[in-house]
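Peer 1:
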Amino acid sequence: MRGWGPPGRSAASPSAPASPAGRYPAPRRAPLWTCLLLCAALRTLLASPSNEVNLLDSRTVMGDLGWIAFPKNGWEEIGEVDENYAPIHTYQVCKVMEQNQNNWLLTSWISNEGASRIFIELKFTLRDCNSLPGGLGTCKETFNMYYFESDDEHGRNIKENQYIKIDTIAADESFTELDLGDRVMKLNTEVRDVGPLSKAGFYLAFQDLGACIALVSVRVYYKRCPSVVRHLAVFPDTITGADSSQLLEVAGSCVNHSVTEEPPRMHCSAEGEWLVPIGKCMCKAGYEEKNGTCQVCRPGFFKASPHSQSCSKCPPHSYTQEEASTSCVCEKDYFRRESDPPTMACTTPSPITNVKKGKIAKNSISLSWQEPDRPNGIILEYEIKYFEKDQETSYTIIKSKETTMTAEGLKPASVYVFQIRARTAAGYGVFSRRFEFETIPVSVAASSDQSQIPIIAVSVTVGVILLAVVMGFLLSGSCCECGCGRASSLCAVAHPSLIWRCGYSKAKQDPEEEKMHFHNGHIKLPGVRTYIDPHTYEDPNQAVHEFAKEIEASCITIERVIGAGEFGEVCSGRLKLPGKRELPVAIKTLKVGYTEKQRRDFLGEASIMGQFDHPNIIHLEGVVTKSKPVMIVTEYMENGSLDTFLKKNDGQFTVIQLVGMLRGIAAGMKYLSDMGYVHRDLAARNILINSNLVCKVSDFGLSRVLEDDPEAAYTTRGGKIPIRWTAPEAIAFRKFTSASDVWSYGIVMWEVVSYGERPYWEMTNQDVIKAVEEGYRLPSPMDCPAALYQLMLDCWQKDRNSRPKFDEIVNMLDKLIRNPSSLKTLVNASSRVSTLLAEHGSLGSGAYRSVGEWLEAIKMGRYTEIFMENGYSSMDAVAQVTLE
Numbered sequence: 001m002r003g004w005g006p007p008g009r010s011a012a013s014p015s016a017p018a019s020p021a022g023r024y025p026a027p028r029r030a031p032l033w034t035c036l037l038l039c040a041a042l043r044t045l046l047a048s049p050s051n052e053v054n055l056l057d058s059r060t061v062m063g064d065l066g067w068i069a070f071p072k073n074g075w076e077e078i079g080e081v082d083e084n085y086a087p088i089h090t091y092q093v094c095k096v097m098e099q100n101q102n103n104w105l106l107t108s109w110i111s112n113e114g115a116s117r118i119f120i121e122l123k124f125t126l127r128d129c130n131s132l133p134g135g136l137g138t139c140k141e142t143f144n145m146y147y148f149e150s151d152d153e154h155g156r157n158i159k160e161n162q163y164i165k166i167d168t169i170a171a172d173e174s175f176t177e178l179d180l181g182d183r184v185m186k187l188n189t190e191v192r193d194v195g196p197l198s199k200a201g202f203y204l205a206f207q208d209l210g211a212c213i214a215l216v217s218v219r220v221y222y223k224r225c226p227s228v229v230r231h232l233a234v235f236p237d238t239i240t241g242a243d244s245s246q247l248l249e250v251a252g253s254c255v256n257h258s259v260t261e262e263p264p265r266m267h268c269s270a271e272g273e274w275l276v277p278i279g280k281c282m283c284k285a286g287y288e289e290k291n292g293t294c295q296v297c298r299p300g301f302f303k304a305s306p307h308s309q310s311c312s313k314c315p316p317h318s319y320t321q322e323e324a325s326t327s328c329v330c331e332k333d334y335f336r337r338e339s340d341p342p343t344m345a346c347t348t349p350s351p352i353t354n355v356k357k358g359k360i361a362k363n364s365i366s367l368s369w370q371e372p373d374r375p376n377g378i379i380l381e382y383e384i385k386y387f388e389k390d391q392e393t394s395y396t397i398i399k400s401k402e403t404t405m406t407a408e409g410l411k412p413a414s415v416y417v418f419q420i421r422a423r424t425a426a427g428y429g430v431f432s433r434r435f436e437f438e439t440i441p442v443s444v445a446a447s448s449d450q451s452q453i454p455i456i457a458v459s460v461t462v463g464v465i466l467l468a469v470v471m472g473f474l475l476s477g478s479c480c481e482c483g484c485g486r487a488s489s490l491c492a493v494a495h496p497s498l499i500w501r502c503g504y505s506k507a508k509q510d511p512e513e514e515k516m517h518f519h520n521g522h523i524k525l526p527g528v529r530t531y532i533d534p535h536t537y538e539d540p541n542q543a544v545h546e547f548a549k550e551i552e553a554s555c556i557t558i559e560r561v562i563g564a565g566e567f568g569e570v571c572s573g574r575l576k577l578p579g580k581r582e583l584p585v586a587i588k589t590l591k592v593g594y595t596e597k598q599r600r601d602f603l604g605e606a607s608i609m610g611q612f613d614h615p616n617i618i619h620l621e622g623v624v625t626k627s628k629p630v631m632i633v634t635e636y637m638e639n640g641s642l643d644t645f646l647k648k649n650d651g652q653f654t655v656i657q658l659v660g661m662l663r664g665i666a667a668g669m670k671y672l673s674d675m676g677y678v679h680r681d682l683a684a685r686n687i688l689i690n691s692n693l694v695c696k697v698s699d700f701g702l703s704r705v706l707e708d709d710p711e712a713a714y715t716t717r718g719g720k721i722p723i724r725w726t727a728p729e730a731i732a733f734r735k736f737t738s739a740s741d742v743w744s745y746g747i748v749m750w751e752v753v754s755y756g757e758r759p760y761w762e763m764t765n766q767d768v769i770k771a772v773e774e775g776y777r778l779p780s781p782m783d784c785p786a787a788l789y790q791l792m793l794d795c796w797q798k799d800r801n802s803r804p805k806f807d808e809i810v811n812m813l814d815k816l817i818r819n820p821s822s823l824k825t826l827v828n829a830s831s832r833v834s835t836l837l838a839e840h841g842s843l844g845s846g847a848y849r850s851v852g853e854w855l856e857a858i859k860m861g862r863y864t865e866i867f868m869e870n871g872y873s874s875m876d877a878v879a880q881v882t883l884e
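Take a look at the structure:
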């Protein structure tokens, strides 16, 4: 094998000469076709993208490239200059008239700068062999590219077979003599990648085996994620990984004057793009975010917490003359109590406004009052000033720690003026307005004392009479409760309002029956929890805050993206509330740039979910609405949606386990039904399942109001009606009730027992509607207990009043679980085969062409050989299958 040795080798094995002057053949004037090529190439060369870092670009090298040709009369360097007289390096070879060509061109050593995956972009032209004179059987239209890794610049002089081939390069466009005449050149661009690299650098080599080529430019580069500032965190230039699908996690650094509660991270993709941001930085107190940096709050403005979005103007009667203020100082004679937030205005102590008189005698007046609405701190004591009217210069002051006082030693039949003020640590507030009260005259006081004796006597007499009436009522109570005979007249005397109770048993009466409590315009019976539609609120935010707990964003840690929802990403993470243990949670986020309607719709689901509290209903932990992104936080269900989980675990569960899943779903739906809530989108895809196989009803986002347009019969504001799961009356007449949810539950039962099979297979929605209306029902799944299939059929009764209620379904499933032997009887196999053949075959996508095709459709494809071996090779034979 030929090779490239150290300086001094013979011409048969040439290498780079020792002296630079004799290193290359002298550049010579380029032929016409090369000049035309260069003009065309220069018009197409563009700047590299920002995420690409050049290791070599032959277009930009001003001096020698330092490349070696072997043999020397093979590849030739063609010197040319552009319009700015800058040198252009072009290599060409065209030995198509000679036999056995093997021409190599070797680059100088190229450092990879730490990159483990590099890209080579070649721009070249290649002549069409058919355009050359005839008889050139050795003419090629391809060339080869190789590389060799080395830690230093002394690795070029090695044997050819030590180079590793990258690829054979072919031209998409080739030129002919005619193209030269028209002065039109066809430039090719090819890009190849190499990796993973393990050494500090490498050489490239180009091998020609008899083609007519001009290599216009060679650009070697690697990709990186360029330095960027996101969420106030700086992420450095990051070289992409060696694997084309690799994501590199990169830690960010908070910009100046910013802090973080969760270290910011992003992921660098193989294409040089930043993805999946996690965590963020926040401008610390006294600084606000502007243009990706934290800028100081100006004098007169403040920011109290990193969680605040921007600097705020000092509230009324407060000021700051410093930059980076975290609070404002109250003006003189204005105060703010310690518990007030920094955003609260400073005020003077609020006056007492509500003073009421108590007992008034000839020599005393008793008063009471309410604490001021804004006392500006803890009230230490009250100061009561009073004086006789028109005698203001002579007054008395009493101090009290209570909100009551009695002024004694007053003159009878005299008017007194009272004023009260409060004292806190900030000082005294202003006195209240004047309140005037008059003591009673002596004569009135005396007569009042004399009148007390008959009043007491009368009171005792009335008390005795009332006691007798009550005793009589208690003794005669049975007549009021139990009959309407002779005793009814006595009942009328004792308690006329009870006459209407006659004829009703005592057990049926409830004193709470006549009471109705109102909540936001909705009537609620005592002891019965009722679902409240959040759409009835004029302000949707009120519904969110009433039914969903607000969570501080700092309590949430986002770990990874697990999916995408209608409004944004769905992530898994952790929730750590103060004083509670850390919980795994699922987090739905509202994407950036949302409209107010999207925000209302997004939080509407939380307003619904927050009203439910049941072990088989997905639990809402809370919402984040006071910072961005807006989030809904729920419990985390490890196994995801039920339909996907069942498909992944086909045939892996016992019948009792499947019935247990169905029982949990039914219990959750019973709870919703008792609450007066109609789900309308009950399907296995909307059931979540955890690691303990507990199923929970979820997805409460479907709009509960249908469009009025009759042409949109199958559309709601929340999307299309799920035809395959929806009761016929709900499709036809928009009658959504708990009974229509029962129909959907029957479809869910079928999905569970068939391990996630699609209901009605590949039938169109219109075919499903027509078939169900004509009485068609889904056939029993494989190995389905007869009791379960009968319950499915009960749920699919056309008359909605004939369908079981959810409490009945729960009771029935409980009985089956307590008596497992009742699940051993399966649906008759022969009737199932004929049903599938006759019904599914004709109502589906047409009659089946073979037994194998039919078995695949009903998930029995693995039995094809057995059918064939036993003589069932046609659909006619299959139709004759019996139980025996």
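FYI, the UniProt record's numbering numbers position 563 of the sequence shown as 563, with every residue one higher than the one before it.
For each residue, glycine too, the CB sits at the ideal point set by N, CA and C.
This one's a predicted model, so the numbers in the text were calculated from it and none came from an experiment.
Could you check the C-alpha separation between Thr726 and Val697 for me, to the nearest Å?
Peer 2: So the alpha carbons of these two residues sit roughly 17 angstroms apart.
Peer 1: Going by the CB atoms, is the gap between Phe700 and Glu605 shorter than 8 angstroms?
Peer 2: Cβ atoms of Glu605 and Phe700: closer than 8 angstroms.
Peer 1: Just confirm the distance between the C-beta atoms of Thr625 and Leu603, as a whole number of angstroms; I'd bet it's less than 8 angstroms.
Peer 2: The pair is a contact, with the Cβ atoms about 7 angstroms apart (cut-off 8 angstroms).
Peer 1: When you compare only the Cα positions, how much space is there between Tyr677 and Tyr531?
Peer 2: One C-alpha to the other measures close to 6 angstroms.
Peer 1: Which first and last residues belong to the alpha helix (DSSP H) in which Asn765 is found?
Peer 2: Counting along the chain, the alpha helix (DSSP H) containing Asn765 begins and ends at Asn765 to Glu773.
Peer 1: Is DSSP giving Leu843 helix, strand or coil here?
Peer 2: Note that Leu843 scores a pLDDT of 34, beneath 50, so its modelled location is shaky; the value from the coordinates is reported in the next line. Residue state, collapsed to three classes: helix.
Peer 1: Does the distance from the C-beta atom of Val415 to that of Lys389 stay below 8 angstroms?
Peer 2: Cβ distance < 8 angstroms, so Val415 and Lys389 count as in contact.
Peer 1: Contact between the stretch 249 to 257 and the stretch 110 to 123: three or more CB pairs below 8 angstroms?
Peer 2: Taking 8 angstroms as the limit for Cβ pairs, the verdict is that the stretch 110 to 123 does not touch the stretch 249 to 257.
Peer 1: Could you tell me if the beta carbon of Thr634 falls within a distance shorter than 7 angstroms of some heavy atom in the ligand NAD?
Peer 2: The ligand NAD is absent from the structure shown, which contains no ligands of any kind.
Peer 1: Measure the C-alpha to C-alpha separation of Ala771 and Pro728 and round it to an integer number of angstroms.
Peer 2: Cα to Cα, the separation comes out at about 11 angstroms.
Peer 1: With a CB to CB cut of under 6 angstroms and the five nearest residues on each side skipped, what residues in its chain are close to Ala877?
Peer 2: None.
Peer 1: Starting from Tyr91, trace the beta strand (DSSP E) in both directions and tell me its first and last residue.
Peer 2: Counting along the chain, the beta strand (DSSP E) containing Tyr91 begins and ends at Pro87 to Cys94.
Peer 1: Is DSSP giving Lys805 helix, strand or coil here?
Peer 2: If DSSP states are grouped into helix, strand and coil, Lys805 belongs with coil.
Peer 1: Run through DSSP, which three-state label would Ser305 get?
Peer 2: Three-state DSSP puts Ser305 in coil, outside helix and strand.
Peer 1: Where does Asp243 land, buried or exposed, given buried means 16+ other C-beta within 10 angstroms?
Peer 2: Exposed, because fewer than 16 other Cβ atoms sit within 10 Å of the Cβ of Asp243.
Peer 1: Rounded C-beta distance between Glu141 and Ser174? I'm assuming under 8 angstroms.
Peer 2: Correct: roughly 6 angstroms between the Cβ atoms.
Peer 1: For the beta strand (DSSP E) containing Tyr287, list its first residue and its last residue.
Peer 2: Counting along the chain, the beta strand (DSSP E) containing Tyr287 begins and ends at Tyr287 to Lys290.
Peer 1: Could you give the C-beta distance for Ala586 and Val570, rounded to a whole number, given that I count them as a contact under 8 angstroms?
Peer 2: Right, their Cβ atoms sit about 7 angstroms apart.
Peer 1: Hey, out of Ser150, Thr595 and Ile556, whose CA is closest to Phe567's CA?
Peer 2: Nearest of Ser150, Thr595 and Ile556 to Phe567, Cα basis: Thr595.
Peer 1: Unbroken alpha helix (DSSP H) runs of length 4 or more, entirely within the stretch 532 to 602: which are they?
Peer 2: List check, alpha helix (DSSP H) in window: 540 to 547.
Peer 1: Relative to the alpha-carbon of Cys430, which residue among Ser366, Met405, Tyr334 and Asn363 has its alpha-carbon at the smallest distance?
Peer 2: A small correction: the amino acid at residue 430 is Val; Cys does not occupy that position in the sequence shown. Minimum Cα distance to Val430 is reached at Tyr334.
Peer 1: Near Leu826, which residues of its chain fall below 8 angstroms by C-beta distance, leaving aside the five closest residues on each side in sequence?
Peer 2: Asp783, Cys784, Pro785 and Ala786.
Peer 1: Based on DSSP bridge pairs, tell me the residues matched to Ala407.
Peer 2: Ile365, per the DSSP bridge assignment.
Peer 1: Under the assumption that Met637 contacts Leu620 (Cβ atoms under 8 angstroms), give the Cβ distance between them as a whole number of angstroms.
Peer 2: About 13 angstroms separates the two Cβ atoms, so there is no contact after all.
Peer 1: For Glu853, collect the residues of the same chain with a Cβ closer than 7 angstroms to its Cβ; drop the 5 residues on either side in sequence, then sort them by chain order.
Peer 2: Same-chain partners within the cutoff: there are none.
Peer 1: Do Cys795 and Val851 have their beta-carbon atoms positioned less than 8 angstroms apart in this structure?
Peer 2: No, Cβ-Cβ distance for Val851 and Cys795 is not below 8 angstroms.
Peer 1: How would you label Leu367, buried or exposed, when you count the other beta carbons within 10 angstroms and need 16 or more for buried?
Peer 2: By the neighbour-count rule (16 or more Cβ atoms within 10 Å), Leu367 is buried.
Peer 1: Buried or exposed: Arg434, going by 16 or more other Cβ atoms within 10 Å of its Cβ?
Peer 2: So Arg434 ends up on the exposed side.
Peer 1: Secondary structure at Met145, three-state DSSP: helix, strand or coil?
Peer 2: Three-state DSSP puts Met145 in a strand.
Peer 1: Do three or more CB pairs link the stretch 222 to 230 to the stretch 89 to 108 at distances below 8 angstroms?
Peer 2: The stretch 222 to 230 is not in contact with the stretch 89 to 108.
Peer 1: Please decide whether Asp643 counts as near chain D, where near means a Cβ-Cβ distance under 8 angstroms.
Peer 2: Reference to chain D is not applicable here, since this structure consists of a single protein chain.
Peer 1: Taking its Cβ as the centre, do 16 or more other Cβ atoms sit within 10 Å of Gly871, making it buried, or is it exposed?
Peer 2: Classification of Gly871: exposed, given that the 10 Å Cβ count is below 16.
Peer 1: With a cut-off of 8 angstroms, do at least 3 Cβ pairs link the stretch 678 to 696 to the stretch 651 to 669?
Peer 2: In short, these stretches touch, since the Cβ pair count reaches three.
Peer 1: What separation, rounded to the nearest whole angstrom, lies between the Cα atoms of Ala214 and Asp152?
Peer 2: For Ala214 and Asp152, the distance between alpha carbons rounds to 29 angstroms.
Peer 1: With H, G and I counted as helix, E and B as strand and the rest as coil, what does DSSP make of Met860?
Peer 2: DSSP places Met860 in coil when its eight states are reduced to three.
Peer 1: Less than 8 angstroms between the CB atoms is what I'm expecting for Pro342 and Cys330, so what's the real figure, rounded?
Peer 2: Going by Cβ atoms, the distance from Pro342 to Cys330 rounds to 11 angstroms, so no, they are not a contact pair.
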